[in-house]
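J.: Residue numbers (mature numbering (1 follows the signal peptide of the UniProt record, and there is no 0)): -24 to -1, 1 to 80.
The structure under discussion is supplied below as structure tokens; questions concerning it will follow.
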């Protein structure tokens, strides 16, 4: 096929359409950019929790979806639980914190 032919144009348009469709997000899934942002948020929250003496959150799991951070796991005191949530809220990009941490 020649680059100027009608068949070539249809094939090229189909390839471009397929590539653009693959890049989009849906209400229940994240686009690549959102996934990377959420991964960075999770990493920053985990790093802050690991270095904070008050939180002592060694048994806390962090998951992020579209800026919404969910904390789960265990803390020794109510204060540690509160501190973990405060730390998560302080991270740039966090839109909401769901604190499901349980007290041992």
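Where a beta carbon is used, it is the ideal one built from N, C-alpha and C, also for glycine.
So who's on the other strand from residue 76, going by DSSP bridges?
T.: 48, per the DSSP bridge assignment.
J.: Please report the distance separating the alpha-carbon of residue 60 from that of residue -6.
T.: Distance between the alpha carbons of residue 60 and residue -6: 40 Å.
J.: Suppose you measure from the CA of residue 25 to the CA of residue 15; what does that come to, to the nearest Å?
T.: Going by the C-alpha atoms only, they are around 15 Å apart.
J.: Examine the ligand GTP and report whether any of its heavy atoms sits within less than 7 Å of the Cβ of residue 43.
T.: Of the ligands one can find in the structure shown there are none, so the ligand GTP has no counterpart to examine.
J.: State yes or no: is the C-beta of residue 31 within less than 8 Å of the C-beta of residue 79?
T.: Their beta carbons are not under 8 Å apart, which means residue 31 does not touch residue 79 by this criterion.
J.: Give the secondary structure of residue 55 by DSSP, where H, G and I count as helix, E and B as strand, and everything else as coil.
T.: Looking at residue 55 - three-state DSSP - the assignment turns out to be helix.
J.: Quick one: measure Cβ to Cβ for residue 17 and residue 67, integer angstroms, because I've assumed they're closer than 8 Å.
T.: About 6 Å separates the two Cβ atoms, so the contact holds.
J.: For the pair the region 33 to 47 and the region -19 to -6, tell me if three or more CB-CB distances fall below 8 Å.
T.: Verdict: no, contact absent.
J.: When DSSP builds the beta bridges, which residues end up paired with residue 39?
T.: Partner(s): 46.
J.: Give me the residue from 75, -19, -8, 7 with the minimum Cα distance to residue 46.
T.: Of 75, -19, -8, 7, the residue nearest in Cα terms is 75.
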